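Visitor: Chains as they are written, first to last, in the working numbering: chain A, 132 to 560; chain B, 132 to 560.
Glycine included, C-beta positions come from ideal geometry on N, C-alpha and C.
Just so we're clear, the structure is a prediction, and the values are computed from it rather than from any experiment.
Once you've had a glance at the structure underneath, I'll fire off some questions.
Structure (structure tokens):
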């Protein structure tokens, strides 16, 4: 049986998951590909750290990355170190040495993906990155191949497990943000510094990668407007529930007549929407296209074996392409001008929560400000907080974000409004 | 630009959807594949029926199928007629003429898939069938390639839109089976003769196709145990809701230590399970594997454009393979002995509803029969129907199906039990 030799760069969570699957499913993988896939070298910076691990015969650790690039028997390099500079250097070196590359590095791809893909084609090899977004959920190849007959009009994703864990737990337990974040940190679902997750940056990087493929454009991290979940309040979640909505941090890429809008922000969605049922640390991507109508892809967005599963499927694909002499066929897919549509112009329904005086005529004053801004109201709930203050939760009809900004200014100038608590968009279609 | 010529056999729902997508997404598809895909001939039995349709230049109807097989310029044949005998004859003729084939014909594949796939490899061409199961949801290639690094341990699917529409509506409206079936027929979600759907046959065919790929075995329709939804009662749905369960018609293929079990039957699942949120005519497949943990694929299970989307993605793949001289690489994937596990031996929790005398000591008598059969009870609800009768709804712990059959016999011999209403398995993991 033909053998394809693989080197791993990095042996952290994803590297170990990849290795574990390649070893334990070895026979199955050989059956399915007709090829023996063998990890022969694993690059780690500090070999001593791994001295307790016994590798199978024919596999060894090295701290000399050049040993891997110089090894002509290695045809596939798997970059699972993360980081930008050194990882990019290694990937470029590998591609230029006509070795195919598998990477799980979303930060790098969100910054330099199109450039690296061009480089792979130029060198006649494959660069694959199924594991860079949505962990174990097969989505890159799904968008690129299986949905290739569709004009994709919208992708909406729960792209970050940490924030979905936090929001799901706030929803199910009625608990506050800080409390649930602390629990998530204790359970290992959130990092000590949770910024990249809770501020939506991680989701934005994934949205950039997914949108590039779905919409055939060169999209980068900085093209995405981002807002995190740190201001979400248990009060809003409870009001949302009354209106039939569930809160999610969504990455939304939408093709409009005026361009492509790219946003990550907390959003209410109907509790009947399939994305609303995505709980805990799970991820999902909901896709609309002019053939499929709609579809959703759901699963583990992170973790050693799920992410390893995506890496392994990429390695298998490359192995098959080596066998059939078919590398370098992943043509660049950026046919269209970027043509972005500013997020401020997107129309949406909104949820607005304000604290007001508890007195006669307050609702009329608030309603007249909404009317002045041509915002129509779909629903409103009033809750008395104490003798002097009430909370108003308002659901508007669809309107541009600028109308909402204007009415918030108007509310702030209204004497009966004590505080504008929250403004949350509602995804209605 | 290279051109690949395609012939359609059949121009019904799926054929028209395929054609519509190829025409309206023509430029996008050409960009994505680098190939101009052109339908040049469409075989229909009765040309006159289509005389009102204006085809684009270079495309024409024919009622002579030989004209297509003899046309050397046609490299891809798309079989979207359905049926067994003539469709099979055409597919075999096409493969033997070294033309690649795309088919949406699940009945034929569930009966003869492995044979036809072998024939395609023998002739060095592709036979693709993404559209044969789950309409627009990309699942064949997902199982075959994207999840290829996994040992798949279980697939559980909502594989039939008609029955899911009926059960969802019964659940949401509290309506009876006959009433909802009539509504489904009126709306076009159920056929005049709904047997293949409501008796689970359609779902069983799809489970056979999916299991072949997931478990690398030659599985046929007759290997699947089938039970339909016609006996499901609104009462059971209501009791299930109380216990936190939702009713679904599930296709369940499960790898056990003693073999592969293949079953289609109505089942309760936790209302928190992702499959529980699949409503209306939507389909979904939930997959467990030793890498991904779990994942779910959700979307339109039927319809002209969704199913057409799957056909088109297969045509695109074949076109790319023609371009790269890479046809015939879909190797047969039946590595394992069939080794089926009889469905009667599967362990499961069960829901049992019985009508009993409304008198003291009845519960004790029922409970002792359960205890005699070593069945432990997880929950029980009693509802008085009138002065003389009560309903007992019982949820058991996991036990073999044979225990349940025994206890049902015992109930039937118990004087206080007036009727055994329903027995429904509960999927607990």
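What do you reckon, are the CB atoms on residue 171 of chain B and residue 136 of chain B nearer than 7 angstroms?
Guide: Here residue 171 of chain B is taken as the residue at index 40 of the second chain, counted from 1. Here residue 136 of chain B is taken as the residue at index 5 of the second chain, counted from 1. Yes, these two residues count as a Cβ contact at 7 angstroms.
Visitor: Smallest Cα separation from residue 353 of chain A: which of A:337, A:368, A:173 and A:156?
Guide: Residue 353 of chain A sits at position 222 when you count from the first residue of the first chain. Selected option, being the one with the closest Cα: A:337.
Visitor: Does the region 376-388 of chain B touch the region 530-537 of chain B, meaning 3 or more C-beta pairs lie closer than 8 angstroms?
Guide: These segments do not touch.
Visitor: Enumerate, from N- to C-terminal direction, the unbroken beta strand (DSSP E) stretches of 3 or more residues contained entirely within the region 350-389 of chain B.
Guide: As far as the region 350-389 of chain B is concerned, its whole beta strand (DSSP E) runs of at least 3 residues are 376-387.
Visitor: Counting only Cβ-Cβ distances shorter than 7 angstroms, please list the residues of the region 422-433 of chain A near chain B, keeping chain order.
Guide: Answer in chain order: 422, 423, 424, 425, 426, 427, 428, 429, 430 and 431.
Visitor: Would you say residue 437 of chain A lies against chain B (beta-carbon separation less than 7 angstroms)?
Guide: By 1-based counting over the first chain, the position of residue 437 of chain A is 306. Taking Cβ atoms only, chain B reaches closer than 7 angstroms to residue 437 of chain A, which makes this a yes.
Visitor: Between which two residues does the alpha helix (DSSP H) holding residue 348 of chain B run?
Guide: Here residue 348 of chain B refers to the residue found at position 217 of the second chain. No alpha helix (DSSP H) holds residue 348 of chain B; DSSP gives it neither H nor E.
Visitor: Using DSSP bridges, identify the partner residues of residue 86 of chain A.
Guide: In the structure displayed, chain A extends from 132 to 560; residue 86 of chain A sits before or after that span and is not available.
Visitor: Do residue 547 of chain A and residue 493 of chain A have their beta-carbon atoms positioned less than 7 angstroms apart in this structure?
Guide: In the first chain, counting from the first residue as 1, residue 493 of chain A sits at position 362. In the first chain, counting from the first residue as 1, residue 547 of chain A sits at position 416. Against a cut-off of 7 angstroms, the Cβ pair of residue 547 of chain A and residue 493 of chain A comes out as a contact.
Visitor: Exposed or buried, what is residue 132 of chain A when buried is set at 16 or more other beta-carbons lying within 10 Å of its beta-carbon?
Guide: As a first step, residue 132 of chain A is located in the first chain; it is residue number 1 there, counting from the start. Exposed, because fewer than 16 other Cβ atoms sit within 10 Å of the Cβ of residue 132 of chain A.
Visitor: Note down, in chain order, all residues in the region 267-298 of chain A with a beta-carbon under 7 angstroms from any beta-carbon belonging to chain B.
Guide: Correct list: 267, 268, 269, 272, 273, 276, 277, 278, 279, 280, 281 and 282.
Visitor: On the three-pair Cβ rule with 8 angstroms, is the region 228-236 of chain B touching the region 444-459 of chain B?
Guide: Short answer: they touch.
Visitor: Name the chain A residues that come within less than 7 angstroms of residue 163 of chain B, Cβ to Cβ?
Guide: On the second chain, position 32 is the one that residue 163 of chain B refers to. The answer, in chain order, is 279 and 464.
Visitor: Please report the distance separating the alpha-carbon of residue 149 of chain A from that of residue 263 of chain A.
Guide: Against the first chain, residue 149 of chain A aligns to sequence position 18. Against the first chain, residue 263 of chain A aligns to sequence position 132. When rounded, the distance between both Cα atoms is 13 angstroms.
Visitor: Which chain B residues are close to residue 537 of chain A, counting only those with a beta carbon under 7 angstroms from its beta carbon?
Guide: Locating residue 537 of chain A in the first chain gives position 406, where the first residue counts as 1. Simply none; closest approach about 37 angstroms.
Visitor: Look at the alpha carbon of residue 275 of chain A and the alpha carbon of residue 345 of chain A, and state the distance between them as a whole number of angstroms.
Guide: Translated into positions along the first chain, residue 275 of chain A becomes position 144. Translated into positions along the first chain, residue 345 of chain A becomes position 214. Their Cα atoms are separated by approximately 7 angstroms.
Visitor: Which residue comes first and which comes last in the beta strand (DSSP E) that contains residue 534 of chain A?
Guide: Your numbering for residue 534 of chain A matches position 403 in the first chain. Residue 534 of chain A -> not in any beta strand (DSSP E); alpha helix (DSSP H) instead, spanning 532-543.
Visitor: Per DSSP, what are the beta-bridge partners of residue 485 of chain B in this structure?
Guide: Translated into the one-based positions of the second chain, residue 485 of chain B becomes position 354. For residue 485 of chain B, which the question treats as bridged, DSSP gives the partners B:523 and B:551.
Visitor: Does the region 198-212 of chain A come close enough to the region 403-419 of chain A that 3 or more CB-CB pairs lie under 8 angstroms?
Guide: Verdict: no, contact absent.
Visitor: Decide if residue 272 of chain B is buried, meaning its Cβ has at least 16 other Cβ atoms within 10 Å, or exposed.
Guide: Here the question's residue 272 of chain B lines up with position 141 in the second chain. By the neighbour-count rule (16 or more Cβ atoms within 10 Å), residue 272 of chain B is buried.
Visitor: Are the region 395-410 of chain B and the region 186-197 of chain B touching, with three or more C-beta to C-beta distances below 8 angstroms?
Guide: No: fewer than three Cβ pairs fall under 8 angstroms.
Visitor: Going by DSSP in three states, residue 256 of chain B sits in which element: helix, strand or coil?
Guide: As a working mapping, residue 256 of chain B is identified with position 125 in the second chain. Coil, per DSSP.
Visitor: Does the structure place the region 426-446 of chain A close enough to the region 442-452 of chain B that three or more beta carbon pairs sit under 8 angstroms?
Guide: The region 442-452 of chain B, when compared against the region 426-446 of chain A, does not touch it at the 8 angstroms Cβ threshold.
Visitor: Assess, as a yes-or-no matter, whether the region 323-330 of chain A is touched by the region 289-300 of chain A under the definition of 3 or more beta carbon pairs within less than 8 angstroms.
Guide: Verdict: yes, contact present.
Visitor: Report the neighbours of residue 457 of chain B on chain A: residues whose CB is nearer than 7 angstroms to its CB, in chain order.
Guide: Counting from one through the second chain, the residue named residue 457 of chain B turns up at place 326. Those are 455 and 457, listed as they occur along chain A.
Visitor: Name, please, each residue of chain B whose Cβ falls closer than 7 angstroms to the Cβ of residue 152 of chain A.
Guide: Numbered from its first residue, the first chain carries residue 152 of chain A at position 21. Neighbours of residue 152 of chain A on chain B, chain order: 280 and 422.
Visitor: Classify residue 269 of chain B as helix, strand or coil using the three-state DSSP reduction.
Guide: Taking the first residue of the second chain as 1, we reach residue 269 of chain B at position 138. Coil at residue 269 of chain B, not helix or strand.
Visitor: Whether or not the region 301-308 of chain A and the region 472-492 of chain A are in contact is what I'm after, with contact meaning three or more pairs of Cβ atoms, one per stretch, closer than 8 angstroms; do they touch?
Guide: Not touching, per the Cβ criterion.
Visitor: Could you tell me if the beta carbon of residue 235 of chain B falls within a distance shorter than 6 angstroms of some heavy atom in the ligand NAP?
Guide: Absence of the ligand NAP is noted for the structure shown, with no ligands found whatsoever.
Visitor: Tell me where the alpha helix (DSSP H) around residue 445 of chain B begins and ends.
Guide: Within the second chain, the letter at position 314 stands for residue 445 of chain B. Its alpha helix (DSSP H) spans residues 435-454.
Visitor: Label residue 417 of chain A either buried or exposed according to how many other C-beta atoms from any shown protein chain fall within 10 Å of its C-beta, with 16 as the threshold for buried.
Guide: In the first chain, the residue the question calls residue 417 of chain A occupies position 286. Buried, since its Cβ has 16 or more Cβ neighbours within 10 Å.
Visitor: According to the Cβ coordinates, are residue 360 of chain A and residue 368 of chain A closer than 7 angstroms?
Guide: Locating residue 360 of chain A in the first chain gives position 229, counting from the first residue. Locating residue 368 of chain A in the first chain gives position 237, counting from the first residue. Contact: no.
Visitor: Residues in its own chain within less than 6 angstroms of residue 146 of chain B by CB, not counting five upstream and five downstream?
Guide: Position 15 of the second chain, counting from 1, holds the residue named residue 146 of chain B. These residues qualify, in order along the chain: 139 and 211.
Visitor: With distances taken from CA atoms, which of B:188, B:222, B:389 and B:366 is nearest residue 478 of chain B?
Guide: Residue 478 of chain B sits at position 347 when you count from the first residue of the second chain. The residue with the shortest Cα to Cα distance from residue 478 of chain B is B:389.
Visitor: What residues from chain B crowd round residue 405 of chain A, counting only those whose CB sits closer than 7 angstroms?
Guide: Residue mapping note: residue 405 of chain A aligns to position 274 of the first chain, counting from 1. Near residue 405 of chain A (Cβ distances below 7 angstroms), the residues of chain B are 408 and 429.
Visitor: Secondary structure at residue 413 of chain A, three-state DSSP: helix, strand or coil?
Guide: Looking up residue 413 of chain A in the first chain gives position 282. If DSSP states are grouped into helix, strand and coil, residue 413 of chain A belongs with the strands.
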